[in-house]
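K.L.:
Just dropping this structure here.
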Ligand code: ADP
Ligand code: NI
C-alpha cells in the first residue's frame, strides 16, 4: 500500500468535511480507518488499500452532508489518484453497502466490506458511541430521552451484528461500557 495515497485521502476528507461539520466527520472517518486496520490484522489475505480507501471515503458522499450523485466525491479522489476501474467499483460497492440506515439487512459481499462495516459500527458504540450520540442529539435539538432511546433501538444491537470475530471481541468491552452507562443514568435519574 502506498503511504502517500493514504496521506492524500486523509487530506482530502479534511478538506471535504471542513465546510460541512466542523471537522467531526473527518475524525470519525479516521477512527473507522484505524479500527479497520486493527481488525484486518487478523486477516492477512485482506486487501489493505481497499480497506483504507473505503473507510476513509465511506462518508464522503453522505446524503446528510453532501448533495452528490453516484458517489461523486469518492470517485473524484479515486480517479484523480489513478486507482484502476475495477478497484474503484469494489470500493464504491463497500461504501454503498455499509450504511446502517440505508441497508439495515445488507451484508457486504467481500471480506474487506465486512471489515469496514464492522469498523464503522465499532465507532458507534462504547465511550465514543455515547459521546457521538449525545452530540448528534444536541445538534438536532433532540431530548436526552430520545438519545437514550437510540441506544435501545440501534446501538445495543450492534455487538451481535459484527461479521468478524476480531471486531466482535473489540465490541464486547465497548458494549459493556454502554450497558454500565445506561444503568448509571437510570440510577441517577430514577424518581
Ligand atoms: P454512520 O454514518 O457513521 O454509520 P450515522 O450518520 O447514522 O453514523 O450517525 C452518526 C452518529 O449519530 C452515530 O454515532 C449515531 O449513533 C448517532 N445517531 C444517529 N441517529 C441518531 C438518533 N436518532 N439519535 C441519537 N443519535 C443518533
Ligand atoms: Ni460512518
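Numbering (this note's numbering), first residue to last: 1305 to 1495.
No residue lacks a Cβ here, since even glycine has one placed at the ideal position from N, Cα and C.
Please write down, chain order preserved, every residue whose beta carbon lies under 5 Å from a heavy atom of the ligand ADP.
P.N.:
Those residues, listed in chain order, are 1428, 1436, 1437, 1440, 1441, 1451 and 1454.
K.L.:
Measuring CA to CA, which of 1458, 1460 and 1309 is closest to residue 1383?
P.N.:
Closest option to residue 1383, Cα to Cα, is 1309.
K.L.:
Jot down the residue ranges of each uninterrupted alpha helix (DSSP H) in the region 1351-1417, minimum 4 residues, whole runs only, in chain order.
P.N.:
1352-1361, 1376-1384 and 1389-1401
K.L.:
Check for me: the alpha helix (DSSP H) holding residue 1472 runs from which residue to which?
P.N.:
Per DSSP, residue 1472 belongs to the alpha helix (DSSP H) from 1469-1493.
K.L.:
Suppose you measure from the CA of residue 1364 to the CA of residue 1486; what does that come to, to the nearest Å?
P.N.:
32 Å
K.L.:
Could you say if the region 1462-1481 and the region 1414-1429 meet the contact criterion of at least three C-beta pairs nearer than 8 Å?
P.N.:
Output reads yes: the region 1414-1429 touches the region 1462-1481.
K.L.:
Can you list the residues near the ligand NI, meaning Cβ strictly closer than 6 Å to any non-hydrogen atom, in the order they appear in the chain?
P.N.:
1332, 1336, 1362, 1363 and 1424
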